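Data block below; observations after.
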C-alpha cells in the first residue's frame, strides 16, 4: 500500500473534493474562510475557499457559486455525496475570517471576515452539520489543508505557526 498523497489545490473562490488519499489545500486566507466538510467513514473531504458571505451582493454577470458561503456549501455537500459521503456523518472545520484592516467608522460592509464566518456557521446549522473545530478571526492570514486519510486540519500562519485541529 502506498503512502503517496494527492495534493488537491483549491484556489480563491474555488472548491474541490478528495478521497481517502487526498490532501485539500488552500492558501491566502485573510478575510476569506477555508470551510471543510469531512465524512470520517468514507474518508471523503471537501474544501471551499469562501470569499464573500452572500450571493445576494453579487454584481457579476456569470455568478461564481464557489465564491459565496450560501452557494458554495450546498455544492460542496453535493460533490461529496456524489463520491459516496453521507451528510449525516459529515463534520465541519473552518479557518480564516480575519479582519485584515481596521477602518475607522466603517460599517458592517467592511466586516467581511466576521460576516463570512457567520454565514458559514448559519449554512452549516441549517444543514445540521456540526462544526467540530475552528480557527477564525484575528488579523492574520492562513494556509490550510485537510488530510482526508486522517481528517486532520492543519493551519499555518506566519504569526501563529502551525496548529492542528
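In this note's numbering, the protein residues as written are 750 to 914. From the three backbone atoms N, C-alpha and C, an ideal C-beta is built for every residue, glycine too. Bear in mind that the values here come from a model prediction, so they are computed numbers and not experimental data.
Residue i, DSSP secondary structure in three states
{"i": "residue 821", "result": "helix"}
{"i": "residue 876", "result": "helix"}
{"i": "residue 759", "result": "coil"}
{"i": "residue 829", "result": "helix"}
{"i": "residue 838", "result": "helix"}
{"i": "residue 750", "result": "Because residue 750 sits at a pLDDT of 40, beneath the cut-off of 50, its placement in the model cannot be relied upon, and the following sentence gives the value as read from the coordinates. Residue 750: coil per DSSP, three-state reduction."}
Rounded C-alpha distance that separates residue i from residue j
{"i": "residue 762", "j": "residue 912", "result": "23 Å"}
{"i": "residue 803", "j": "residue 781", "result": "12 Å"}
{"i": "residue 817", "j": "residue 796", "result": "13 Å"}
{"i": "residue 850", "j": "residue 880", "result": "27 Å"}
{"i": "residue 896", "j": "residue 914", "result": "11 Å"}
{"i": "residue 773", "j": "residue 766", "result": "7 Å"}
{"i": "residue 751", "j": "residue 820", "result": "In this predicted model, residue 751 has a pLDDT of only 46, less than 50, meaning its place in the structure is not dependable enough to derive any value."}
{"i": "residue 848", "j": "residue 861", "result": "7 Å"}
{"i": "residue 793", "j": "residue 754", "result": "14 Å"}
{"i": "residue 838", "j": "residue 798", "result": "22 Å"}
{"i": "residue 756", "j": "residue 771", "result": "6 Å"}
{"i": "residue 779", "j": "residue 822", "result": "19 Å"}
{"i": "residue 790", "j": "residue 871", "result": "25 Å"}
{"i": "residue 826", "j": "residue 758", "result": "18 Å"}
{"i": "residue 867", "j": "residue 833", "result": "28 Å"}
{"i": "residue 909", "j": "residue 887", "result": "10 Å"}
Strand pairing of residue i, partner residues [DSSP]
{"i": "residue 895", "result": "773 and 902"}
{"i": "residue 866", "result": "None, per the DSSP bridge assignment."}
{"i": "residue 844", "result": "783 and 884"}
{"i": "residue 910", "result": "906"}
{"i": "residue 767", "result": "794"}
Check: Which runs of the beta strand (DSSP E) fall wholly inside the stretch 774-820 and span at least 3 residues, in chain order?
Finding: Fully enclosed beta strand (DSSP E) runs of 3 or longer: 782-788 and 793-799.
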